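Trainee:
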Amino acid sequence: MRRYRVLIVEDEDEMGRFYSWFFGRHAGEFSCRLAQDGDRALTVLSEENIDFVVLDWILPGLSGSAVLKALRGHPKTQGAGVLVVTGVAAPRDAADILEAGADDYLAKPFDERVLLARLHSLRRRLERAAAGGKFHELPGMIWDSAAGRLLIDGHNAHLTPKEADLLRIFLERPNMIHYHRFLWDSIWGYESEGWEHIVVSAVCALRRKLGVKLGVRLESVKGEGFYFNINNVDS
């Protein structure tokens, strides 16, 4: 079994001890490094190949949001799975974290089983990406899912990994309603009280990145789900 490389970005000693204990218990699945601030995290990311980042949102010096922006902006690290750990649990704040480029968030305090479920969700996403992808082309859009590259009107549109998963599902099954629960189970795959809000926020972020012409084709069915309408897409 492959061991996934995890970078923990956490300044609190107590949380650092928890992560050391947790990853010691799951050493067969994960190896981990600990960085106590954002600058050290970026150094590790530049020097090593990291699969997942568990990122505290409130850090001394360079903030969690600045680390995430730098991580998503660099070709070497933009595909890494990012789980933000935060003391903020309000839906609006959670949506902001996801729209900033995180794959997922986890509100403190949390149970070790919840953390493991989040990491397994990130692992499944990487495994799907490694299995290969498809090339989709529509007027104004080119999507190479294997390379994770989206062009809208000739310009690069960066997607987070979860947004890329959503686009893949919508393009592989166009004109079909994808229910909220189906999307959640297919992409996130764990239990969460706020799961539906996370799905809607991620789809809305994807819609904006598709631009004016194509974004409107990612249509919603109120209270049920979403579908990508390709009827008369060249009009």
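In numbering that gives the first Met the number 0, the protein residues as written are 0 to 234.
Beta carbons are placed, not taken as given, at the ideal position from N, Cα and C, and that holds for glycine.
Just so you know, these numbers come straight off a predicted model, no measurement behind them.
1. Okay, do the region 70-79 and the region 21-39 touch, 3+ Cβ pairs below 8 angstroms being the bar?
2. Closest to ASP184 by CA distance: which of ASP164, ASN48, THR42, GLY100 is it?
3. Can you pull the DSSP bridge partners for TRP142?
4. Do the CB positions of VAL84 and ASP50 come within less than 9 angstroms of each other?
5. How far does the alpha helix (DSSP H) with LEU44 in it extend, from its first residue to its last?
6. Please report the straight-line C-alpha distance between ILE176 and VAL43, rounded to a whole angstrom.
7. Under three-state DSSP, which class holds LEU125?
8. Out of GLU46, GLU98, GLU9, PRO108, point me to the one whose CA is closest to LEU61's CA.
9. Taking contact to mean at least 3 C-beta pairs separated by less than 8 angstroms, is the region 183-197 in contact with the region 205-219?
10. In the DSSP assignment, the beta strand (DSSP E) including GLU218 goes from what residue to what residue?
11. Quick check for students: name the residue ranges of the beta strand (DSSP E) that lie wholly in the region 163-229, counting only runs of 3 or more.
12. Please classify ASP102: is it buried, with 16 or more other beta-carbons within 10 angstroms of its beta-carbon, or exposed?
13. Short of 8 angstroms in beta carbon distance, which residues of its chain neighbour VAL220, apart from the five on each side in sequence? Order them along the chain.
14. Identify every residue that forms a DSSP beta bridge with VAL81.
15. Can you list, in chain order, the residues of its chain with a C-beta nearer than 6 angstroms to that of SER234? Leave out the 5 residues immediately preceding and following it.
16. Taking only three categories from DSSP, how would you classify LEU115?
17. Using C-beta distances below 6 angstroms, list every residue in its chain close to HIS135, excluding the 5 sequence neighbours before and after it, in chain order.
18. Among residues of its own chain, excluding the 5 on either side of GLY107, which ones have a beta-carbon nearer than 6 angstroms to its beta-carbon?
19. Helix, strand or coil for LEU61? Go by DSSP, reduced to three states.
20. Spatial neighbours of ARG117 within its chain, please: C-beta separation below 8 angstroms, excluding the five flanking residues on both sides.
21. Alpha carbon to alpha carbon, how far is ALA65 from GLN35? Give it in angstroms, no decimals.
22. Sort ASN174, CYS203, LEU166, ALA204 by Cα distance to ILE186 and report the nearest one.
Mentor: Taking the structure as given:
1. no
2. ASP164
3. HIS135, LEU149
4. no
5. 37-46
6. 42 angstroms
7. helix
8. GLU9
9. no
10. 217-220
11. 217-220, 224-227
12. buried
13. ILE176, TYR226
14. VAL52
15. Confidence is the limiting factor: at SER234 the pLDDT is only 45, short of 50, which leaves the residue's position unreliable and the question unanswerable from this model.
16. helix
17. TRP142, LEU170
18. Rather than Gly, the amino acid found at residue 107 in this sequence is Lys. Contacts found: GLY86.
19. coil
20. LEU82, ASP103, LEU105, TYR189
21. 15 angstroms
22. LEU166
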